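Undergrad:
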Amino acid sequence: MNLSLFIGVSQNMAPDLNSAKKLFIFLGKSVFALLEAMVFALIPKPRKDVAGEIVLVTGAGSGLGRLLALSFAHLGSVLVLWDISKEGNEETCKMAREAGATRVYAYTCDCSRREEVYRVADQVKKEVGDVSILINNAGIVTGKNFLDCPDELMEKSFDVNFKAHLWTYKAFLPAMIASNHGHLVCISSLAGLIGANGLADYCASKFAAFGFAESVFVETFVRKQTGIKTTIVCPFLIKTGMFEGCTTGCPTLLPILEPEYAVRKIVDAILQEKLYLYIPRFLYFMMFLKSFMPLKAALLLTEYLGGFTLMDGFLGHKKQD
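Going by numbering that gives the first Met the number 0, the residue at position 288 of the sequence shown is 287; the numbering climbs one at a time, nothing skipped.
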């Protein structure tokens, strides 16, 4: 065979061999990942120990944030409580101490203000230490149709429900990266997965929070910072008073959640280091259907579940999470 022809054939074969090698490696790793997922589906993943971990909860002065703080108090964590309401936050602080927490720190912080987040974060780092579990829970809801919602309220929704996540990550993620240890928790919503009638600004802010948390997770994965975990939580309505007056058309499949149940599921997901948590479980099936259902069928299902009218009786409450 002509030497130049042999060299040419060899060079042409090299990319094919590399492609085949990559394909086999991908298939092998994928099979292993599927088997691992099946094992953990049958045998729950061991829960990690969070005793001594510094846990920061935003919106800790009431509702879901308060219950999350109390759960971590029972687990022996060091608690850092942030809320815009000094009175509510101090009440949570008192309850956490009664629940057994020995180190609890309450800070009044308006998470919608970037400069305030950075200022209070610096104070936390000096007085408590580096936060290792960050739970972005604070949220507000306007409950108005898009054209009826004042601009300042829409901006406030984004400031609290989404932008606060940017500032807290900027403040606390560098220390997690330095130690390759930490856990980032985003409390998003079903409204961060599916557009809802009467919740345009809320949905937009929760979609943004979901996408941001998922993107940072991908960044840490690409950089092989395997010690930094992420959990993104998407619940249906929870009885914290934030969505007072809202209803569901099908309480069997899509019930309004009891706060204690939601918190138990969220804490379990954090301790098992799950990336996604949708509650109730029917939401997983909903998202599966959304990926292929014809539009008319999807709209009919939404109507059946009461998705078009869930905000009709919305009252809200004076003190939001």
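Virtual Cβ for every residue (Gly too), placed ideally from N, Cα, C. These numbers were taken from a predicted model, which means no experiment stands behind them.
Note down the Cα distance separating Pro43 from Asp267, rounded to an integer number of angstroms.
TA: Here residue 43 refers to the residue found at position 44 when the sequence shown is read from its first residue. Here residue 267 refers to the residue found at position 268 when the sequence shown is read from its first residue. Roughly 10 Å separates the two Cα atoms.
Undergrad: Check each candidate in Lys223, Asn135, Leu299 and name the one with the smallest Cα separation from Ile186.
TA: Taking the first residue of the sequence shown as position 1, residue 186 is located at position 187. Looking at the Cα atoms, Asn135 is the closest of the given residues.
Undergrad: So, using beta-carbon positions, are Tyr106 and Val116 closer together than 8 Å?
TA: The residue you call residue 106 lines up with position 107 of the sequence shown. The residue you call residue 116 lines up with position 117 of the sequence shown. No.
Undergrad: Since Asn135 is in the alpha helix (DSSP H), which residue starts that stretch and which ends it?
TA: If you number the sequence shown from 1, residue 135 lands on position 136. Note, Asn135: premise wrong, no alpha helix (DSSP H); beta strand (DSSP E) at 132-135.
Undergrad: Buried or exposed: Ile24, going by 16 or more other Cβ atoms within 10 Å of its Cβ?
TA: On the sequence shown, position 25 is the one that residue 24 refers to. So Ile24 ends up on the exposed side.
Undergrad: Three or more C-beta pairs under 8 Å: does that hold for the stretch 90-100 against the stretch 66-81?
TA: Yes, they touch.
Undergrad: Looking at C-beta atoms only, is the number of pairs between the stretch 200-211 and the stretch 241-253 that lie closer than 8 Å three or more?
TA: Taking 8 Å as the limit for Cβ pairs, the verdict is that the stretch 241-253 does not touch the stretch 200-211.
Undergrad: Specify the secondary structure class of His180 as computed by DSSP and reduced to three states.
TA: Position 181 of the sequence shown holds residue 180. The answer is coil: DSSP assigns His180 none of H, G, I, E or B.
Undergrad: Just checking, does the stretch 207-221 make contact with the stretch 255-267 on the three C-beta pairs under 8 Å criterion?
TA: The stretch 207-221 is not in contact with the stretch 255-267.
Undergrad: Beta carbon of Gly191, beta carbon of Ala208: below 8 Å?
TA: Residue 191 sits at position 192 when you count from the first residue of the sequence shown. Residue 208 sits at position 209 when you count from the first residue of the sequence shown. In contact: Gly191 and Ala208 (Cβ atoms closer than 8 Å).
Undergrad: Between Ala212, Gln271, Arg112, Met285, which has its C-alpha nearest Gly235's C-alpha?
TA: Position 236 of the sequence shown, counted from the start, is the residue given in the question as residue 235. One detail in the question is off: residue 235 reads as Phe in this sequence, not Gly. Of the listed residues, the one whose Cα sits closest to Phe235 is Met285.
Undergrad: If you draw a straight line from the alpha carbon of Leu309 to that of Cys110, how long is it in whole angstroms?
TA: Position 310 of the sequence shown holds residue 309. Position 111 of the sequence shown holds residue 110. Between Leu309 and Cys110, the C-alpha separation is close to 28 Å.
Undergrad: Would Val38 be called buried (16 or more neighbouring beta carbons within 10 Å of its own) or exposed?
TA: The residue you call residue 38 lines up with position 39 of the sequence shown. Exposed, by the Cβ-count rule.
Undergrad: Within this structure, are the beta carbons of Gly312 and Gly240 separated by less than 8 Å?
TA: Reading the sequence shown from its first residue, position 313 is the one you call residue 312. Reading the sequence shown from its first residue, position 241 is the one you call residue 240. No.
Undergrad: Quick one: is Asn88 buried, meaning 16 or more other Cβ sit within 10 Å of its Cβ, or exposed?
TA: Against the sequence shown, residue 88 aligns to sequence position 89. Buried, because 16 or more other Cβ atoms sit within 10 Å of the Cβ of Asn88.
Undergrad: If I'm right that Gly142 touches Gly315 with Cβ under 8 Å, what's the distance once you round it to whole angstroms?
TA: One-based indexing of the sequence shown puts residue 142 at position 143. One-based indexing of the sequence shown puts residue 315 at position 316. Contact holds; Cβ gap of about 6 Å.
Undergrad: Between Met153, Phe206, Asp129, Val140, which has its C-alpha nearest His182's C-alpha?
TA: Against the sequence shown, residue 182 aligns to sequence position 183. For His182, the nearest C-alpha among the options comes from Asp129.
Undergrad: In the DSSP output, which residue or residues are listed as bridge partners for Tyr106?
TA: Along the sequence shown, one-based indexing puts residue 106 at 107. Per DSSP, Trp81.
Undergrad: With a Cβ-Cβ cutoff of 8 Å, do Pro258 and Gly62 count as a contact?
TA: On the sequence shown, position 259 is the one that residue 258 refers to. On the sequence shown, position 63 is the one that residue 62 refers to. Cβ atoms of Pro258 and Gly62: closer than 8 Å.
Undergrad: Going along the chain, which unbroken runs of the alpha helix (DSSP H) with 4 or more residues stay wholly within the stretch 147-173?
TA: DSSP runs (the alpha helix (DSSP H)) wholly in the stretch 147-173: 150-157.
Undergrad: Would DSSP call Pro250 helix, strand or coil?
TA: Sequence index remark: in the sequence shown, residue 250 carries index 251 (1-based). In this structure, Pro250 counts as coil in the three-state DSSP scheme.
Undergrad: Does Asp320 come out as helix, strand or coil in the three-state DSSP assignment?
TA: Position 321 of the sequence shown, counted from the start, is the residue given in the question as residue 320. Note on Asp320: pLDDT 41, under 50, position unreliable in the model; the coordinate value appears next. Here Asp320 sits in coil by DSSP.
Undergrad: Would Ser131 and His73 qualify as a contact pair, given that the criterion is a beta-carbon distance under 8 Å?
TA: As a working mapping, residue 131 is identified with position 132 in the sequence shown. As a working mapping, residue 73 is identified with position 74 in the sequence shown. Contact flag unset, no.
Undergrad: Closest to Ile53 by C-alpha separation, out of Pro293, Phe171, Glu302, would be which residue?
TA: If you number the sequence shown from 1, residue 53 lands on position 54. Ranking the options by Cα distance to Ile53, first place goes to Phe171.
Undergrad: Would you identify the three-state DSSP class for Lys28, choosing helix, strand or coil?
TA: In the sequence shown, the residue the question calls residue 28 occupies position 29. Of the three classes helix, strand and coil, the one that applies to Lys28 here is helix, per DSSP.
Undergrad: Evaluate Phe291 with the Cβ neighbour count: other Cβ atoms within 10 Å of its Cβ, from every protein chain shown; 16 or more gives buried, anything less gives exposed.
TA: Taking the sequence shown and counting its residues from 1, one reaches residue 291 at position 292. With fewer than 16 Cβ atoms within 10 Å of its Cβ, Phe291 is classed as exposed.
Undergrad: With DSSP as the reference, please indicate the residues paired to Leu55 in a beta bridge.
TA: On the sequence shown, residue 55 is found 56 positions in, with the first residue counted as 1. Val79, Leu133.
Undergrad: Below 6 Å CB to CB, which residues in the same chain sit around Ser204 once its five sequence neighbours on both sides are set aside?
TA: As a working mapping, residue 204 is identified with position 205 in the sequence shown. If we look at Ser204 and ignore the five residues flanking it on each side, its Cβ neighbours are Ser156, Phe157, Asn160, Phe161.
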